[in-house]
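The sequence shown lines up with residues -17 to -1, 1 to 163 when you count with mature numbering (1 follows the signal peptide of the UniProt record, and there is no 0).
Down below is the structure, laid out as structure tokens.
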Amino acid sequence: MKFFFLLLFLFVSVGFSQDVERDIQMIRQEYGNIESSFNNFEKKTVSIMNQSTEGGEATAYIKSNRIKKVNTILLGETGKDVFVFYYKDDSLFFVLSTRHHYNVPIYWDAKTAEEYEVDEVFDESKTKIEENRYYFKDNEIIKWLGNDEKPIRTTPEVYEKEAQILVELSNELKQEITEY
């Protein structure tokens, strides 16, 4: 009996894994379609002031009145976040996120460093970059890759929270772009 349940578990796991990989292939294909033709889309750029301390900008690429891609830069004093959202039939299917961590705040010059008795000034070449790739299906993350495209393995709760944050940001940006 234990053998039967073990076999059943293995078949279900393999089937689920194959479904996810099939979804990933479809996502990559749609991503490629958008990337190869987004220069032909209508372009709309808006200032984003309510998402970060230093503001930002979102550029939407629109085809047939549907947003297909949104490039977003959110600026902060200690770094910047770059998000690229991809949509099919108004549904989010992929997010590329790049976080730039500055060595010190952008306003940290020699005078400020001296005031605080710190040896470091802002130096963009010391910026650390963290990249994440999120593959979505039905507003849920089905695959999450971190730096060097290594899978992020964590709890389902963390996946859910990350998906919620990204979907909410995506929806807010789409709304700002639409209302502009």
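Just so it is clear, CB atoms sit at the ideal spot from N, CA and C, and this is done for glycine as well.
Using CA coordinates, which residue listed in Y85, I50, V101 and V65 is at the minimum distance from I56? V65
Would you list the one or two residues that DSSP bridges to D72? Looking at the DSSP output, D72 sits in no beta bridge, so it has no partner there.
Neighbourhood of T61 by C-beta distance below 6 Å, restricted to the same chain and skipping five residues each side: Y85 and P88
Given the structure, does L128 come close to the ligand NAD, in the sense that its CB is under 6 Å from one of the ligand's heavy atoms? The ligand NAD is not part of this structure, which contains no ligands at all.
Proximity to V92 [Cα-Cα], best of R82, Y99, S80 and F105: The question names Val, but residue 92 is Asp in the sequence shown. By alpha-carbon distance to D92, the top candidate from R82, Y99, S80 and F105 is F105.
Comparing alpha-carbon positions, which option in F77, T81 and Y14 lies nearest V150? Of the candidates F77, T81 and Y14, F77 places its Cα closest to the Cα of V150.
Helix, strand or coil for T42, going by three-state DSSP, please let me know. strand
Beta-carbon within less than 6 Å of K111's beta-carbon, same chain only, minus the 5 sequence neighbours each way: which residues are those? Beyond the five residues adjoining it in sequence on each side, K111 comes within less than 6 Å, by CB distance, of H84 in the same chain, given in chain order.
Closest to N22 by C-alpha separation, out of M32, Y44, R5 and N48, would be which residue? Comparing Cα positions, the closest option is Y44.
Can you name, in chain order, every residue of its own chain whose Cβ lies under 6 Å from the Cβ of Y163, other than the five neighbours on each side? Exclusion of the five residues before and after Y163 leaves V29 as the residues of its chain whose Cβ lies within less than 6 Å of its Cβ.
On a Cα-Cα basis, can you pick out the residue from E114, D131 and E140 that is closest to E123? E140
State the CB to CB distance for the pair T138 and E114, rounded to an integer number of angstroms; the pair is presumed to be in contact (CB under 8 Å). Rounded, the Cβ-Cβ distance is 21 Å, inconsistent with contact.
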